[in-house]
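Notes for the one structure printed next.
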DNA sequence: CATCAGGGCCCTG
DNA sequence: CAGGGCCCTGAT
């Protein structure tokens, strides 16, 4: 356990509109020990280049006049240069400075989208994890159901992650690539992660040896970034999609729909049981163009939010396979 | 009890 | 380009 007692307070003013709760908390994501959320407040461990900080963000503004109180927790007092880096990184991961007002302007009269835009006005995509951490999550998601994903994630966090305490919260941070490269495959397999054991080790080696630079990846056009990601062992179209959308924040590449998503989107967009994925992809791109991914995100999170509120949505419960 | 497919991906033929 | 194998789990 690591305790971080040094605290630095800073105010952040995101670009308006910015919907704090809808951006930091996504009802469609699976729960794990790496974060803590309550309305208007979010805690997690920030890992930048294998250095960790405790982060608490608190909403003290509104959607139109956003303001966030940021507390950075560390073991020792941080030099100002390091604090600037942390803020810059948070700007990227939570899109504090990204202007998406064009999206609302363009689609405010859109037949399908407009009610969702009203309900979730100012919501961005966001990602508390770095690229490696989200890749680990992507592997946990592969070829299984939510319950097992949660189980594998938490058991691995307990064994290889670090428990971090700050602001009276305890959350886990992921292991770093170098911590995983010498772990025997059998040891991982005993944690019931199956074929993923090999992937964790192999991917970690790739990150250590070839020094995959997520900061370089961020600068690439979406097609180039995708090409690079697909070269990683164990990363196919679906895992690449997750990384491109969430970690690298690309809103314009909508070209892959997994079969469980296909069922849900068929319902939401066409009110039908099953529409061919090509049709879905064509429809989404035609309607929402370079905002395709964000548009679907609005519709997607809305239904998961309703479900979280206790609304019974039978067809959905069946498709998400808890 | 046994069987089977799943919030993919790799490899083979 | 189709299809088998990978792991474990819970549904049937």
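Numbering (our numbering), first residue to last: 6 to 327.
All C-beta atoms in this analysis are idealised placements derived from N, C-alpha and C, irrespective of residue type, glycine included.
Sixteen is the threshold: when 16 or more other Cβ atoms of the shown chains lie within 10 Å of the Cβ of residue 51, as they do, the residue is buried.
Here residue 76 has 12, 14 and 61 as same chain residues with Cβ atoms under 6 Å from its own Cβ, once five neighbours each way along the sequence are excluded. The C-alpha of residue 304 is placed about 34 Å away from the C-alpha of residue 197. For the 7 Å CB-CB criterion, residue 20 and residue 102 form a contact. Below 8 Å, too few C-beta pairs join the segment 176-185 and the segment 148-155 to call them touching: fewer than three. Here the alpha carbons of residue 314 and residue 280 stand approximately 28 Å from one another.
Residue 79 sits close to residue 58, with the two beta carbons spaced by under 7 Å. Scanning its chain for C-beta atoms nearer than 8 Å, with the 5 sequence neighbours on each side dropped, one finds around residue 190 the residues 202, 203 and 206, in chain order. Within the DSSP secondary-structure output, residue 59 pairs in a beta bridge with 50 and 78.
With 16 or more other CB atoms across the displayed protein chains lying within 10 angstroms of its CB, residue 157 is buried. For residue 14, the enclosing beta strand (DSSP E) covers residues 11-17. With fewer than 16 neighbouring CB atoms inside 10 Å of its own CB, residue 220 falls in the exposed class. Counting only residues of its own chain and dropping the five nearest sequence neighbours on each side, residue 285 has a CB closer than 6 Å to the CB of 262 and 270.
Residue 307 and residue 155 have their C-alpha atoms spaced approximately 22 Å apart.
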